[in-house]
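For reference, the structure is listed below as structure tokens.
2 protein chains.
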Amino acid sequence: MPDPFPEAEFQQRCAHAQAAMARAGVTALLLTGEADVRYFSGFLTRFWESPTRPWFLVIPAMGKPVAVIPGIGAELMGATWVEDIRTWAAPDYEDDGVSLLGETLREVTGPGDRIGVPMGRETQLRMPLGDWSRLCAALADREMVDATAIIQAQQQVKSPAEIVLIRDICAIAGRAFDRVPQIAVPGVTLAQLFRRFQMALLEEGADWVPYLAGGAGPGGYGDVISPACDVPLARGDLVMLDTGAMRQGYFCDFDRNWALGEAAAEVMEANRILFDATEAGFAAARVGATMADLYHAMAGVIAAAGDAGAGGRLGHGLGMRLTDPPSIVPADQTVLVPGMVLTLEPALQMGVGRMMVHEEDIVITAGGAEWLTPRGPRELPVLEWDA
Amino acid sequence: MPDPFPEAEFQQRCAHAQAAMARAGVTALLLTGEADVRYFSGFLTRFWESPTRPWFLVIPAMGKPVAVIPGIGAELMGATWVEDIRTWAAPDYEDDGVSLLGETLREVTGPGDRIGVPMGRETQLRMPLGDWSRLCAALADREMVDATAIIQAQQQVKSPAEIVLIRDICAIAGRAFDRVPQIAVPGVTLAQLFRRFQMALLEEGADWVPYLAGGAGPGGYGDVISPACDVPLARGDLVMLDTGAMRQGYFCDFDRNWALGEAAAEVMEANRILFDATEAGFAAARVGATMADLYHAMAGVIAAAGDAGAGGRLGHGLGMRLTDPPSIVPADQTVLVPGMVLTLEPALQMGVGRMMVHEEDIVITAGGAEWLTPRGPRELPVLEWDA
């Protein structure tokens, strides 16, 4: 896959981070996670699925990133804008890249310097904890500090080129959702629906489907994270599919609901309430508003309808990961700026084991929010069901 | 999806770990990774794709595991054999489960006790590093120790029920590979081949396709981890697809090669050498042999053919992860026992940017190795190509 970005995109990302590093007194960044490494290098591979090997990217105070990676990735990293690529033969049972990484970090920092590593909310260190301890010991005269704020503040504002990609995968998934009425037919199990919907996503142009969840049950589903079961779909079921499909390394994350054959008035009304809540979130999503404002706008519609809601957050950032910071929760005071891509994800608890969730994706622009997803309907679609 | 295992499977896994913990003087295990949590609980969801929320499973010295998880997972965890499920409303910006986890670990351990956490090769801590520091501080009178040996020694020997699932997904992928000659036709790009092959995997019964890599190039491909590009397949290309498809939470990991229209004698011969190397690995894979023995058996065939090989490891464990320990490398002295599932993955470097890789999956039994994958052919398949 040719890189969807010109080199200037990576130059800008790197320069932006280096300016923030300078302000924070951080001389180098150490990145170990898939999205962080890809964000600054363009290194796109599904090989991260294998937990065997660690991968490191070092952002120095000036200049291009330095890759410290297993030899198996040299060819692919060599096709990116990164020039300084240092490899070892992983897995190495004696020293799995730790010395090479330590030398690299010593080279781009001095004694007393601060090295930034993401340590905060929604981050993970993708290297063995034992190797991390060895690295810290080897760099005892440097200081390891939390770089979460530097990375996340930058990544949550998408460039125009990134937004094009997210818009693209949202359109692809929208076309796949449009085909569900032809797939969700009598005799089909939820597991089969999951498979055929993933096939539709691929056929419409998704590169792969890292995430699919959903549910089906009489008048509502129990949760939104379960895998599919082999129980046949049935008349009266409320069915939901929620996908994080990917195109050129960028995600969509939205869902759709359908009733099979019939729907109780309560279920039809739940769909309208969630539609209206999403509209309220969209209207509130203006430059200068906070994530908390979006929460209250959506929660207010749900409360006005006399429902307590299903709890939890009502949306989140989106981009190279299925879910990115910030979160639409009362505690999040992040101020919206142009370029942020968010999901709006209100939920209703209609009874024990019976919930409904809506989800759409938007981008913040100077003039307000724009839909990235084809908007779902206010009237719940009731599919024909002649079993 | 109904759990593919009876509760007795989880009882045995837990009892086995608890016996090893007792021998190692470890009072509790703290697990944070998808496969480790699922191995002891049965908690299967694709929701791990979202990095927002941490998930914790605590294995006490006796009794069932204790789940400390975000509320969004309560319904699904409640369907497993785990009874003690403690939840918090994640994401919580003040305390994202750390206090709840700390209290739980204090409850099942005493002062001076050792708490085991995987810290070694091929492990990662799936929680923010900052939260890990806070947890360690809250448990300063306990000792955090590396539990990698306990976990990995157990997990690398699969139960009969696990082997059934791996055999199943290998058969599914085998049927999908059989359909590639109908897909890899003139006018198709590698990206389209990737999409259509994933569709074939789903149609044949895979639940999802977490991993697909491959390559295509004149007489060989450049590497084995790249995503697909939009360049059309061409006569003379050597094409390879390598998939980690999943069924009920278990992976296959194997590949197939095809020549399009024609193949040089050197390429045909490379296929025979790699076939023979895999045969040698299979023959060497007997109870009591070491992973190093498998390495030398395969590397010996490649060296005897006058080729230096492509370097790197020649296979690995397989199961709930695309790649599991141990590795087929000279340094690995792991002794084969019945129940181990391995890939045999020899590679040849035929020229600059031109390699070939074979991969098959096997299980070790008392009587020797058994193929889990339908065996690839010694004669490289040359597909008709009338462009």
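Sequences listed follow chains A and B, in order.
Mapped onto the working numbering, the consecutive letters of the first sequence carry residue numbers 1 to 387.
Mapped onto the working numbering, the consecutive letters of the second sequence carry residue numbers 388 to 774.
All residues carry an ideal CB built from backbone N, CA and C; glycine is no exception.
Listing by chain order, which chain A residues have their CB less than 7 Å from the CB of residue i?
i	result
Asp533(B)	Gly130
Since residue i is in the alpha helix (DSSP H), which residue starts that stretch and which ends it?
i	result
His358(A)	Careful: His358(A) lies outside any alpha helix (DSSP H) and carries neither H nor E.
Tyr295(A)	291-304
Glu203(A)	190-204
Ala404(B)	394-411
Met655(B)	652-671
Thr148(A)	148-155
Thr104(A)	98-108
Leu135(A)	129-138
Arg38(A)	34-41
Ala161(A)	160-178
Glu75(A)	74-77
What in chain B is Cβ-close to residue i, meaning under 7 Å?
i	result
Glu75(A)	Gly609, Asp610
Phe47(A)	Ala600, Ile612
Asp96(A)	Arg508
Leu202(A)	Arg582, Gln585, Met586
Arg321(A)	Pro438
Which word fits residue i, buried or exposed, when buried means at least 16 other C-beta atoms lie within 10 angstroms of its C-beta?
i	result
Val596(B)	buried
Asp423(B)	buried
Gln720(B)	exposed
Met62(A)	exposed
Glu345(A)	buried
Gly503(B)	buried
Arg23(A)	exposed
Val846(B)	This structure gives no information on residue 846(B), because the portion of chain B shown stretches from 388 to 774.
Pro441(B)	buried
Gln182(A)	exposed
So with CB distances below 8 Å, who are the chain B contacts of residue i?
i	result
Asp207(A)	Ala578, Phe581, Arg582, Pro614, Ala615
Leu125(A)	Gln511, Leu512, Leu516
If you check the beta carbons only, do residue i and residue j fall under 9 Å apart?
i	j	result
Gly220(A)	Val267(A)	yes
Ala140(A)	Leu29(A)	no
Met291(A)	Ile328(A)	yes
Ser159(A)	Gln12(A)	yes
Leu647(B)	Leu770(B)	yes
Leu625(B)	Ala603(B)	yes
Ala578(B)	Asp617(B)	yes
Gln635(B)	Pro393(B)	no
Leu628(B)	Val567(B)	yes
Val544(B)	Pro725(B)	yes
Glu262(A)	Trp385(A)	yes
Gly33(A)	Pro70(A)	no
Which residues of chain A have a Cβ atom closer than 8 Å to the Cβ of residue i, listed in chain order?
i	result
Tyr682(B)	By Cβ distance, chain A contributes nothing, its closest Cβ being about 12 Å from Tyr682(B), past 8 Å.
His703(B)	Thr52
Pro597(B)	Arg46, Glu49, Pro210
Ile459(B)	Asp223, Val224, Ile225, Gly312
Ala621(B)	Neighbours of Ala621(B) on chain A: none; closest Cβ ~17 Å, over 8 Å.
Given residue i, which residues of its chain have a CB within under 6 Å of its CB, disregarding the five upstream and five downstream residues?
i	result
Val108(A)	Ala28, Pro60
Met1(A)	Note that Met1(A) has pLDDT 48, beneath the 50 cutoff, so the model's placement of it is unreliable and the number below is only indicative. Excluding positions up to five away in sequence, the list is empty.
Arg673(B)	Gly755
Leu322(A)	Tyr211, Gly244, Phe251, Asp253
Arg700(B)	Ser714, Ile715, Val716
Pro768(B)	Trp645
Ala20(A)	Ile150
Leaving out five residues on either side along the sequence, give the residues of the same chain with a beta carbon under 8 Å from the beta carbon of residue i.
i	result
Thr52(A)	Ala90, Pro91
Arg121(A)	Thr148, Pro325
Thr432(B)	Gly460, Leu463
Might you give, ordered along the chain, the residues of its own chain that have their beta carbon closer than 7 Å to the beta carbon of residue i, omitting 5 neighbours on each side?
i	result
Val301(A)	Ile273, Asp276, Ala277, Ala280
Pro452(B)	Cys401, Phe427, Ser428, Leu444, Val445, Ile446, Val469
Gly102(A)	Leu135, Ala138, Leu139
Gly581(B)	It is Phe, not Gly, that sits at residue 581(B) in the sequence shown. These residues qualify, in order along the chain: Leu599, Gly601, Ala615.
Glu549(B)	Tyr637, Gly706
At which residues does the beta strand (DSSP E) containing residue i begin and terminate?
i	result
Leu599(B)	595-605
Ile115(A)	114-117
Taking residue i as the query, report the chain A residues whose CB atoms sit under 9 Å from its CB, ordered along the chain.
i	result
Ser714(B)	Thr52, Pro91, Tyr93
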